[in-house]
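**Q**
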Amino acid sequence: MAEKERVARRRKRGRRVRGKRSKGDKVIVSGAMLMEVETVLQTQEPVIRPAWNTFASSVSGIWKGVGAVFSPITAEMEPIDVGNKNENLYDCYTLSHVEAVPPSSVGKTSQIRRLIKWATLNPYGEVQMLNGGGNSSKEKSLALKETDHRSPNKHVLPKFESFDFGTSDVMEEDFMSADPGLVFFEDGSYSRGPVDIPVGEADKSKYYLSPTFKFEQCLVKGCHIRLRIVHSIEFSNGGSDIQI
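Using my numbering, the first residue of the sequence shown is number 5, and each one after it goes up by one.
So this is what it looks like as structure tokens:
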């Protein structure tokens, strides 16, 4: 009986709205909601790890590329060098020599040595991109004022082959081995970074210490195209101040 009284009360509380529907009315059915699914690999999940020699073979070679630095706040290009005329340079050509180095002792895996040389160029930044897209004429005129009233149509950058990388400066040289913090795949893609970040309480006696950690990802597109992204994160004051 008590269950029937509850059902009766629920029915009394509800309201019914009746109305006539004309022949011209339409019923709108909303489409399925778009959902984004992201899979995060945890440390306890098994990951198929390829042979180190296979990964080293996929990474090795001589790679030609273009490099730039972007602001973590505005995503705009930042200058990476100063030219002969005191102008800011925003791009660089890179030539990377990547090769496997035999292990120093028996039983250890080989190391991957990477030597990157660079040549800086492009004093115009991202102005060249203003020719395309839907930028207004006002935005174009402001950008041209910042580049000494030169038209972006006349910006012709030197070709890669015009630089002598034999005498260029070394941008980076490092070694990569099968250490913790490196997740690699047989096609040559990888993710590399520190396993632990020692962040603790701020120590005023060590104010001059600002540990910097590098996080690196390399994505593979096709067989001969690589996209390498490097984030440098600096921790100071015990980790309360973080600079990317």
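Backbone N, C-alpha and C define an ideal beta-carbon position, used for all residues, glycine too.
Excluding the 5 residues preceding and the 5 following residue 93 in the sequence, name in chain order all residues of the same chain whose CB lies nearer than 8 Å to its CB.
**A** Hits under 8 Å: 83, 84, 85, 86, 87, 124, 125, 126, 127.
**Q** State buried or exposed for residue 229, treating a residue as buried only when at least 16 other CB atoms are found within 10 Å of its CB.
**A** By the neighbour-count rule (16 or more Cβ atoms within 10 Å), residue 229 is not buried but exposed.
**Q** Here's the rule: buried if 16 or more other CB atoms are within 10 angstroms of the residue's CB, otherwise exposed. What is residue 112?
**A** Exposed is the call here.
**Q** Expressed to the nearest angstrom, what Euclidean distance is found between the alpha-carbon atoms of residue 194 and residue 218?
**A** The alpha-carbon atoms of residue 194 and residue 218 are separated by roughly 14 Å.
**Q** According to DSSP, is residue 160 helix, strand or coil?
**A** Three-state result, residue 160: coil.
**Q** What's the gap between the Cα of residue 227 and the Cα of residue 102?
**A** For residue 227 and residue 102, the distance between alpha carbons rounds to 16 Å.
**Q** First and last residue of the alpha helix (DSSP H) that includes residue 58?
**A** That run of the alpha helix (DSSP H) goes 56-63.
**Q** Applying the criterion that 16 or more other CB atoms from any shown protein chain within 10 Å of the CB defines a buried residue, is residue 178 buried or exposed?
**A** Exposed is the call here.
**Q** For residue 115, count the other beta carbons within 10 Å of its own beta carbon; 16 or more makes it buried, fewer makes it exposed. Which is it?
**A** Residue 115 should be labelled buried.
**Q** Determine which residues share a DSSP beta bridge with residue 126 and list them.
**A** Note: residue 126 sits in no beta bridge, so no partner.
**Q** Measuring alpha carbon to alpha carbon, tell me which residue in 215, 63, 191 is nearest residue 237.
**A** The shortest C-alpha separation from residue 237 is found at 215.
**Q** Please state whether DSSP places residue 114 in a helix, a strand or coil.
**A** Residue 114: coil per DSSP, three-state reduction.
**Q** Could you pull the DSSP bridge partners for residue 218 from this structure?
**A** Answer by DSSP bridge pairing, in chain order: 236.
**Q** So, are the CB atoms of residue 69 and residue 108 less than 8 Å apart?
**A** Their beta carbons are not under 8 Å apart, which means residue 69 does not touch residue 108 by this criterion.
**Q** Return the chain-ordered ranges of every beta strand (DSSP E) run that is complete within the segment 80-105 and spans a minimum of 3 residues.
**A** The qualifying runs are 95-105.
**Q** Here's the rule I'm using: 16 or more other beta-carbon atoms within 10 Å means buried, otherwise exposed. How should residue 120 be labelled?
**A** Its Cβ being crowded by 16 or more others within 10 Å, residue 120 is buried.
**Q** Please classify residue 166: does DSSP put it in a helix, a strand, or coil?
**A** Three-state DSSP puts residue 166 in a helix.
**Q** What residue range is occupied by the uninterrupted beta strand (DSSP E) comprising residue 178?
**A** 173-180 is the span of the beta strand (DSSP E), which, as asked, contains residue 178.
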